[in-house]
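See below for the structure under consideration.
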């Protein structure tokens with residue numbers, strides 16, 4: 011009887027419901043976060059763990075490979091923002107409008123790539139982008155009368171391959187976010203705008219975009235983090251963590267390289283914390299500028 | 049009521065999915081557990097195993113380079129030995145190694161009825177296996193009893209307090225017959241942690257059929273100048289279709305040869321690394337070949353890769369230097385059939401050219417040290433077994449016959465029953481007898497130190513320097529200085 015009372019108590023119930031989250035959050039997030047901070051001040055080897063104060067961080071300042079990794083991750087993130095927000099939004103609007111027939115089909119086609127495994131699609135992209143004259147991309151170049159090129163040995167073309175993979179995979183997902191945002195816009199707004207004589211563009215500009223803002227901010231926030239934390243795509247495209255002249259090295263790739271491949275977990279923890287700080291700064295600034303933290307006007 | 053059942057079901061589903069991530073993998077061996085007391089019945093997943101595909105190959109020239117998969121899924125698992133024996137786990141990154149150990153295990157069990165062992169062998173891709181082992185040793189949990197470690201990766205496992213079992217006692221009975229320097233590369237402060245597989249003497253592989261069709265006799269090539277001349281001849285005669293060789297952007301074999309020929313090493317007494325002078329000579333020469341169209345850049349960075357082997361098969365390159373273990377790449381088994389990379393009798397083996405006559409003509413490259421971890425159920429027994437399997441005379445003969453490696457016991461090199469055995473697949477395949485070459489250069493095989501700093505330098509060279517020099521035409525001296533700066537950051 012007591013158990014039943016406990017379970018049905020309105021005071022306890024909320025805590026019971028959030029408990030699984032709190033527990034997993036504490037075990038899998040809070041604890042690792044604290045231990046990462048500690049480890050970033052240590053040198054960690056089997057049987058020899060010692061505090062080295064700021065040594066890991068001062069080394070990071072001088073570490074060129076790390077700077078390349080930051081640059082790569084940052085470039086990748088900026089490009090994914092440019093490519094993966096406006097276009098999916100446009101596609102969502104089109105699919106949602108009467109202009110496109112068989113919209114269900116297009117939704118499915120665009121969404122399908124995100125169901126594939128990055129490991130498999132990464133291998134396929136690698137094969138498409140090999141330097142041999144027989145690879146798809148070089149066949150395509152040959153069709154237009156160009157010489158084959160070593161796609162994955164050059165910074166620009168390597169980044170192009172990464173971005174193509176990202177767009178192929180994520181356009182559909184972001185489109186779905188925007189579609190769900192569009193569903194939340196009241197149709198009567200469009201009707202009254204029509205009565206007032208607004209054309210298609212004006213409706214998009216003055217109704218759709220402002221009312222999609224919460225969705226856009228959400229997509230922006232997760233894209234910033236996803237862009238900075240990208241690892242697997244690069245790992246698969248270059249068949250490992252080593253790309254020529256580090257053109258595909260990302261921050262997380264570098265963390266993996268130092269922590270796992272070179273057995274320097276302390277140094278890798280410092281890399282991870284720098285990533286955390288960068289992502290936090292960008293997102294907080296972005297959220298402040300977007301007015302997310304402002305109290306709603308009444 | 050219905051709703052209650054439904055919600056209970058949902059909760060259960062959520063709870064299971066929460067833990068789903070944790071369980072996997074632990075019982076992957078059970079599938080094959082019932083399998084085979086017969087070691088030789090190894091799956092054919094094996095043969096693909098040599099397929100290495102790490103374009104930027106981490107290390108000098110490992111005997112095996114990383115595979116493309118990123119998943120930690122094992123390529124093959126098999127259990128050998130009686131259930132009553134002490135049960136152990138063993139990992140390798142080469143299926144052929146595991147097959148060999150399985151055969152030696154059967155012999156061990158025949159000879160030691162009171163000390164039976166049962167081993168579950170698992171083959172993982174190169175990078176995954178080393179990463180898994182590092183983590184297992186660091187955390188003190190989940191390591192196998194026995195494990196292969198590639199030479200270039202070995203310094204990683206000697207950092208701090210090595211979590212490995214000392215093999216000194218177990219190796220002692222065999223050491224006198226074996227090349228001492230191969231033990232030293234797996235040692236720290238006089239303690240031996242790895243049982244060596246082979247010497248890895250580097251030689252030149254020449255496609256004699258192709259070369260003689262262009263009027264080049266490989267036997268007359270003694271110096272790198274001769275080699276460059278021959279390269280010009282090949283390039284002209286073939287109209288640029290065939291090149292003499294390919295230079296690596298993801299491997300340091302050529303650099304090791306240059307170092308050994310000049311009697312240099314990159315480490316000083318304190319283990320500090322300096323880029324050797326000889327590298328400048330070698331890389332300048334190679335950059336010249338590229339500029340003059342006498343050589344290509346190795347597809348996929350070096351020749352022990354899918355693309356590299358393809359270039360050899362297609363006759364795009366007529367020669368290359370590799371350690372003797374590369375012989376096994378010419379011959380592989382698929383579905384029990386011998387599958388050769390090229391027609392027998394075409395390829396010849398010879399000592400490497402030198403910068404100046406009289407210099408030593410070879411260097412030991414690659415290698416696998418097999419270790420016993422301190423997490424083993426019976427480390428002493430594991431150590432005795434692996435020393436027997438790899439370092440006893442029978443073990444060495446087995447390594448040669450199964451794997452085609454130049455074993456550490458040099459008396460095998462001179463045992464005519466072995467060296468003149470024309471039924472041996474390697475002796476039959478090559479135009480020259482590998483042992484003739486080996487015995488000729490026996491005293492000239494240089495050794496290069498590999499420590500943690502070397503590991504850093506090689507990684508940098510493979511990722512940056514070689515690409516910058518060969519692909520972008522960066523000045524050699526400048527590129528090497530950048531490499532030195534990068535390694536100085538760590539030491």
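Protein chains in written order, with the working numbering: chain H, 11 to 308; chain R, 49 to 539.
Note that beta-carbon positions come from the ideal geometry of N, C-alpha and C, so glycine has one too.
Being a predicted model, the structure only gives us computed values, none of them experimental.
With residue i as the anchor, note down where its alpha helix (DSSP H) starts and where it stops.
{"i": "residue 123/H", "result": "It is not in any alpha helix (DSSP H) - residue 123/H carries neither H nor E in the DSSP assignment."}
{"i": "residue 310/R", "result": "It is not in any alpha helix (DSSP H) - residue 310/R carries neither H nor E in the DSSP assignment."}
{"i": "residue 336/R", "result": "325-339"}
{"i": "residue 286/R", "result": "Unbroken run through residue 286/R: none, as it is neither H nor E."}
{"i": "residue 135/R", "result": "Element bounds for residue 135/R: not the alpha helix (DSSP H) but the beta strand (DSSP E), 134-140."}
{"i": "residue 291/H", "result": "275-299"}
{"i": "residue 266/R", "result": "Premise fails: residue 266/R is in no alpha helix (DSSP H) and is neither H nor E."}
{"i": "residue 448/R", "result": "441-451"}
{"i": "residue 30/H", "result": "22-35"}
{"i": "residue 89/H", "result": "74-94"}
With 8 Å set as the bound, which would you pick, yes or no: does the beta-carbon of residue i sit closer than that to a beta-carbon of chain H?
{"i": "residue 534/R", "result": "yes"}
{"i": "residue 288/R", "result": "no"}
{"i": "residue 179/R", "result": "yes"}
{"i": "residue 175/R", "result": "yes"}
{"i": "residue 92/R", "result": "Residue placement at residue 92/R cannot be trusted, given a pLDDT of 36 that sits under 50; what the coordinates show is reported in the next sentence. No, no contact with chain H."}
{"i": "residue 361/R", "result": "no"}
{"i": "residue 258/R", "result": "no"}
{"i": "residue 182/R", "result": "yes"}
{"i": "residue 379/R", "result": "no"}
{"i": "residue 297/R", "result": "yes"}
Could you tell me whether any Cβ in chain R is nearer than 8 Å to the Cβ of residue i?
{"i": "residue 244/H", "result": "no"}
{"i": "residue 172/H", "result": "no"}
{"i": "residue 58/H", "result": "yes"}
{"i": "residue 158/H", "result": "no"}
{"i": "residue 252/H", "result": "yes"}
{"i": "residue 309/H", "result": "Because chain H here runs from 11 to 308, residue 309/H falls outside it and cannot be looked at."}
{"i": "residue 255/H", "result": "yes"}
{"i": "residue 15/H", "result": "no"}
{"i": "residue 55/H", "result": "yes"}
Among the residues of its own chain, which have a CB less than 7 Å from the CB of residue i, if the five just before and after it don't count?
{"i": "residue 264/R", "result": "278, 281, 282"}
{"i": "residue 149/R", "result": "138, 169, 437"}
{"i": "residue 274/H", "result": "268"}
{"i": "residue 120/H", "result": "101, 181, 182, 185"}
{"i": "residue 392/R", "result": "476, 477"}
Please look up how many angstroms separate the CB atoms of residue i and residue j, rounded, as I've assumed it's under 8 Å.
{"i": "residue 253/R", "j": "residue 259/R", "result": "Not quite, the Cβ-Cβ distance comes to about 11 Å (not below 8 Å), so this is no contact."}
{"i": "residue 514/R", "j": "residue 176/R", "result": "With 8 Å as the limit, residue 514/R and residue 176/R do not qualify as a contact, their Cβ atoms being about 25 Å apart."}
{"i": "residue 246/R", "j": "residue 453/R", "result": "4 Å"}
{"i": "residue 237/H", "j": "residue 126/H", "result": "The Cβ separation is near 20 Å, so there is no contact."}
{"i": "residue 20/R", "j": "residue 286/R", "result": "Any answer about residue 20/R is impossible in this case: the structure gives chain R only from 49 up to 539."}
{"i": "residue 152/R", "j": "residue 446/R", "result": "6 Å"}
{"i": "residue 396/R", "j": "residue 479/R", "result": "4 Å"}
{"i": "residue 236/R", "j": "residue 194/R", "result": "Not really, about 19 Å apart at Cβ, beyond 8 Å."}
{"i": "residue 204/R", "j": "residue 182/R", "result": "6 Å"}
{"i": "residue 128/R", "j": "residue 159/R", "result": "The Cβ separation is near 15 Å, so there is no contact."}
{"i": "residue 239/R", "j": "residue 371/R", "result": "Between residue 371/R and residue 239/R the Cβ distance is about 26 Å, and since that is not below 8 Å, they are no contact."}
{"i": "residue 294/R", "j": "residue 342/R", "result": "Between residue 342/R and residue 294/R the Cβ distance is about 11 Å, and since that is not below 8 Å, they are no contact."}
{"i": "residue 364/R", "j": "residue 291/R", "result": "7 Å"}
Identify, in the order they occur along the chain, each residue of the same chain with its Cβ nearer than 6 Å to the Cβ of residue i, setting aside the five sequence neighbours on each side.
{"i": "residue 62/H", "result": "53"}
{"i": "residue 211/H", "result": "none"}
{"i": "residue 444/R", "result": "455, 457, 460"}
Would you say the beta carbon of residue i comes nearer than 7 Å to a heavy atom of the ligand HEM?
{"i": "residue 145/R", "result": "The ligand content of the structure shown is nil, which means the ligand HEM is not present either."}
Using C-beta distances below 8 Å, list every residue in its chain close to residue i, excluding the 5 sequence neighbours before and after it, in chain order.
{"i": "residue 435/R", "result": "215, 218, 219, 221, 222, 243"}
{"i": "residue 405/R", "result": "270, 271"}
{"i": "residue 85/H", "result": "169"}
For the beta strand (DSSP E) holding residue i, just list the boundary residues, first then last.
{"i": "residue 61/H", "result": "58-61"}
{"i": "residue 345/R", "result": "343-345"}
{"i": "residue 370/R", "result": "367-371"}
{"i": "residue 516/R", "result": "Taken as a continuous stretch (DSSP letters only), residue 516/R belongs to no beta strand (DSSP E), being part of the alpha helix (DSSP H) at 514-518."}
Residues, ordered as in the chain, of the segment 268-290 of chain H that lie near chain R by beta-carbon distance below 8 Å: 270, 271, 272, 273, 275
Any C-beta of chain H within less than 7 Å: which residues of the segment 201-214 of chain R qualify? 204, 207, 208, 209, 211
Using a Cβ-Cβ cut-off of less than 7 Å, list which residues of the segment 505-526 of chain R approach chain H; keep chain order. 510, 511, 512, 515, 516, 519
Contact set between the segment 63-88 of chain H and chain R, restricted to residues whose Cβ is under 9 Å from the partner: 69, 72, 73, 74, 75
What residues in the segment 186-201 of chain R have a beta carbon less than 7 Å from any beta carbon of chain H? 186
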